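Undergrad:
Numbering (my numbering), first residue to last: 13 to 489.
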């Protein structure tokens, strides 16, 4: 059993006490998603009306509570499933021109933070620091944070303190490079996020920000690289260079499957990019029994003897399902006829049992459909604008932690990826790799155009077309 012991000095919201442990609050503390459930092992937490609406009587009787709407002044021991997380760093080699000194590259993600200390004379990684983004206390998605940040500077202070702690733990450096999506850039730099709150979601200032030594509380000049447009930030710019896309004459593509899905398609002469609100389903957010890829999560699902066969991280009793398990369970259910291409469960079933008490609901499946349809429709639009087809894509790079672990066949089976699986490459943390490359020399400019999907009249129709799952499993091969 995974537990955390808390001893607050006075009456304190549980959200403040649990955030340092990595507990996330996907709905921003609205008490509607059940994503911050904890079970009281010792002590007492009062039941609130919000808890009564979201939790069953049986769950409440077993000690389950919602951390986002609980507070305590007394010592309490809680069972928590979220607070051990694996965060993807990067060890991929790349060509560089040696220089003197030490540098630190930081990938500021919506969910996670990763920093690496690099010897600039050898390229050797000397140290690694990872953490969860503390801003998750105010919502797991970008729009929740934008809404909270308008007129409130706390998110800027939170992210600067978090990154500063990582930089100082690594011993500081001569130069620090930061990358992140456009909202993360604005929040870190203290820029106004209001333009991201409504269409056309275009901010006037996406340029590089430079901070002088000690201006942020650590040594070394710090650069937050420029964003591209809309929600497409410097993390994608760094990823483009990390994958070598500007060097190819052939058509290549990059997809970062995060809460805000970013897509890039093109070659050395011309690139198009877009962002789409995929939502947190790929990270199991808004999934009733969803959790991060930690011990107790169902991470892989296959078919055996006409039944679902599940694998759990840590070989322990399942507590929930993570993003990879979500996709694989749906793909397997389609193959077994337990689910219709429309996404409806066969035979009028209300849930899809996976293992133990863990099951997917109809609403969980819908969340996945919405996420995968947003990515698939966005890729179709970019290809259409380039006059290209799926067959023209010679290489599709999947970036980020989810892209590193997702089963390509399962992703193809549900219609998330429509490119030949033989051409798909899991590419790891390309944002962090590109940030490290920029420590040695500035990333060269590229010819890239941001495409606002919301203004494309075809997007809504394509999105609706992509909601259904492919009828035949042969499409997965």
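C-beta: ideal position from N, C-alpha, C; glycine also.
All values reported here derive from a predicted model rather than from experimental measurement.
1. Would you tell me roughly how many angstroms separate the C-alpha atoms of residue 24 and residue 90, rounded to the nearest one?
2. With distances taken from CA atoms, which of 407, 309, 332 is nearest residue 373?
3. So, helix, strand or coil for residue 322, using DSSP?
4. Cα-Cα, which of 296, 451, 468 is closest to residue 112?
5. Using a Cβ-Cβ cut-off of 7 Å (strictly less than) and excluding sequence neighbours within five positions of residue 229, which residues of its own chain qualify?
6. Out of 46, 390, 115, state which residue places its alpha-carbon closest to the alpha-carbon of residue 473.
7. So which of 367, 325, 409 has the shortest CA-CA distance to residue 432?
8. Suppose the cutoff is 6 Å on Cβ atoms and the five residues either side in sequence are ignored; what does the same chain contact list for residue 102 look like?
9. Which residue or residues does DSSP assign as beta-bridge partners of residue 17?
10. Give every residue of the same chain whose Cβ lies closer than 7 Å to the Cβ of residue 378, excluding the five residues on either side of it in the sequence, and list them in chain order.
11. Going by other Cβ atoms of all chains shown within 10 Å of its Cβ, with 16 needed for buried, is residue 202 buried or exposed?
12. Should residue 142 and residue 167 be called a contact, given that it needs their Cβ atoms to be closer than 8 Å?
13. Counting beta carbon pairs with one atom in the segment 304-311 and one in the segment 270-281, are three or more of them shorter than 8 Å?
14. On the criterion of 16 or more Cβ atoms from any shown chain inside 10 Å, does residue 401 qualify as buried, or is it exposed?
15. Nearest to residue 179 by alpha carbon, out of 386, 161, 225, 479?
16. DSSP state of residue 433, grouped into three classes?
17. Which class does residue 271 belong to by DSSP, given the choice of helix, strand or coil?
18. Distance check for residue 299 and residue 198, CA to CA, integer angstroms please.
19. Any contact of the segment 248-268 with the segment 448-467, i.e. 3+ C-beta pairs under 8 Å?
20. Can you list the beta strand (DSSP E) stretches of 3 or more residues lying completely in the segment 108-158, in chain order?
21. Taking the beta carbon of residue 181 as the centre, do at least 16 other beta carbons fall within 10 Å, making it buried, or is it exposed?
22. Does the beta-carbon of residue 274 have 16 or more other beta-carbons within 10 angstroms, so that it is buried, or is it exposed?
23. Evaluate residue 375 with the Cβ neighbour count: other Cβ atoms within 10 Å of its Cβ, from every protein chain shown; 16 or more gives buried, anything less gives exposed.
24. Under a three-way DSSP split, which group does residue 36 fall into?
25. Can you give me the start and stop residues for the alpha helix (DSSP H) that residue 379 sits inside?
26. Between 29, 475, 104, which has its C-alpha nearest residue 448's C-alpha?
27. Please name the residue or residues paired with residue 283 in a DSSP beta bridge.
28. Given a cut-off of 8 Å, decide if residue 364 and residue 385 are closer than it, judged by their beta-carbon atoms.
29. Using a threshold of 8 Å, state whether the C-beta atoms of residue 271 and residue 153 are closer than that.
30. By the DSSP assignment, the beta strand (DSSP E) with residue 310 in it spans what residues?
31. Taking only three categories from DSSP, how would you classify residue 24?
32. Report the three-state DSSP secondary structure of residue 95 (helix, strand or coil).
33. So, is residue 13 buried or exposed, given that buried needs 16 or more other C-beta atoms within 10 angstroms?
34. For residue 353 and residue 366, I'd like the C-alpha separation in whole angstroms.
TA: A quick look at the data gives this:
1. 15 Å
2. 332
3. strand
4. 451
5. 176
6. 390
7. 409
8. 440, 441, 444, 445
9. 89
10. 355
11. exposed
12. no
13. no
14. exposed
15. 225
16. helix
17. coil
18. 29 Å
19. yes
20. 114-120, 124-131, 137-144
21. exposed
22. buried
23. exposed
24. coil
25. 374-397
26. 104
27. 278, 460
28. no
29. yes
30. 309-316
31. strand
32. For residue 95, the pLDDT reaches just 47, beneath the cut-off of 50, and the residue's location in the model is therefore unreliable, although a value from the coordinates is still provided. Correct three-state label for residue 95: coil.
33. With a pLDDT of 43 at residue 13, under the threshold of 50, the predicted position of this residue should be treated as unreliable, and no value is reported.
34. 19 Å
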